[in-house]
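*Asks:*
Residue numbers (our numbering): -18 to 198.
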């Protein structure tokens, strides 16, 4: 879906064009982009790298709610009137993030229909993903949830890419996303490697054949 959208409208090129007030910031791996409770005053767009969105409970427990990549927007809660960030955003890898002030983004969405269409499509896709994540958490085994998470991180579905690299991510973070223990993640990762679904040469790579785990009843 995203690749088709990018083919019809290049959001990054537009946001980088003259006349658009924005700030471009480079972040190191594991560096905080914003923290839960910070002022919610801008929409962000990933030019390069990856971003983890998480929420911290009052007891100190962290829940990973999304893993985003190039071409994704985040921090859009400011457009709905959120005064502070409801969660935290952390760079998964060295990342370049474009920040657009809330008021500027509102003006752009009103005036530039192509950007508005792209942004709405992104938000609809995000809502669908959240619903799928909930169904996955409620009904699927931890093995299936891990397989689906890896496929999503590898941007499964892009044409002509049967094997994709995944941004460097710890098994502890995968466990948080899947809702299981690190030892279980380690067990299933070894199993996936043994079956040829993933490999660790020059980083983690995911084969589309991993989809058989998700589809298996």
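C-beta atoms are modelled at their ideal positions from N, C-alpha and C, and glycine is treated no differently.
At what residue ranges does the stretch -8 to 51 contain a whole run of the alpha helix (DSSP H), taking only runs of 4 or more?
*Replies:* Correct list: -8 to -3.
*Asks:* Give the DSSP-derived three-state secondary structure of residue 54 in the structure shown.
*Replies:* Translated into positions along the chain shown, residue 54 becomes position 73. Strand, per DSSP.
*Asks:* Report the three-state DSSP secondary structure of residue 183 (helix, strand or coil).
*Replies:* Residue mapping note: residue 183 aligns to position 202 of the chain shown, counting from 1. Coil.
*Asks:* Once you ignore the five residues that flank residue 86 on each side, which residues in its own chain have a CB closer than 6 Å to its CB?
*Replies:* Within the chain shown, numbered from 1, the residue matching residue 86 stands at position 105. These residues qualify, in order along the chain: 24.
*Asks:* Short check: CB of residue 26 to CB of residue 72, under 9 Å?
*Replies:* Reading the chain shown from its first residue, position 45 is the one you call residue 26. Reading the chain shown from its first residue, position 91 is the one you call residue 72. Contact: no.
*Asks:* When the Cα atoms are used, what is the spatial distance from residue 159 to residue 190?
*Replies:* Stepping through the chain shown from its first residue, residue 159 is reached at position 178. Stepping through the chain shown from its first residue, residue 190 is reached at position 209. Whole-angstrom Cα-Cα distance: 20 Å.
*Asks:* Using the C-alpha atoms, what's the distance from residue 96 back to residue 37?
*Replies:* The sequence position of residue 37 within the chain shown is 56, counting from 1. The sequence position of residue 96 within the chain shown is 115, counting from 1. Approximately 32 Å, taken between the alpha carbons.
*Asks:* Taking the straight line between their C-alpha atoms, what separation do you get for residue 161 and residue 42?
*Replies:* To locate residue 161, count along the chain shown from 1; it is residue 180. To locate residue 42, count along the chain shown from 1; it is residue 61. Approximately 14 Å, taken between the alpha carbons.
*Asks:* Taking a contact to mean a Cβ-Cβ separation below 9 Å, would you say residue 65 touches residue 17 in this structure?
*Replies:* Position 84 of the chain shown holds residue 65. Position 36 of the chain shown holds residue 17. Their beta carbons are under 9 Å apart, which means residue 65 touches residue 17 by this criterion.
*Asks:* Distance, Cα to Cα, residue 143 vs residue 168?
*Replies:* Residue numbering aside, residue 143 sits at position 162 when the chain shown is read from its first letter. Residue numbering aside, residue 168 sits at position 187 when the chain shown is read from its first letter. Because the pLDDT at residue 143 is just 49, under 50, the model does not fix this residue reliably, and the value given afterwards should be weighed accordingly. Answer to the nearest angstrom: the Cα atoms are 24 Å apart.
*Asks:* Would you say residue 133 and residue 192 are within 9 Å of each other, going by their C-beta atoms?
*Replies:* Here residue 133 is taken as the residue at index 152 of the chain shown, counted from 1. Here residue 192 is taken as the residue at index 211 of the chain shown, counted from 1. Result no, Cβ atoms of residue 133 and residue 192 do not sit closer than 9 Å.
*Asks:* When burial is assigned at 16 or more other CB atoms within 10 Å of the CB, is residue 89 buried or exposed?
*Replies:* As a first step, residue 89 is located in the chain shown; it is residue number 108 there, counting from the start. With 16 or more Cβ atoms within 10 Å of its Cβ, residue 89 is classed as buried.
*Asks:* Quick check on residue 69: buried or exposed, where buried means 16 or more other Cβ atoms within 10 Å of its Cβ?
*Replies:* Numbered from 1 along the chain shown, position 88 holds the residue referred to as residue 69. So residue 69 counts as buried.
*Asks:* At a cut of 8 Å, does the stretch 165 to 180 reach the stretch 45 to 63 through at least three beta carbon pairs?
*Replies:* The answer is no - the stretch 45 to 63 does not touch the stretch 165 to 180, with fewer than three Cβ pairs under 8 Å.
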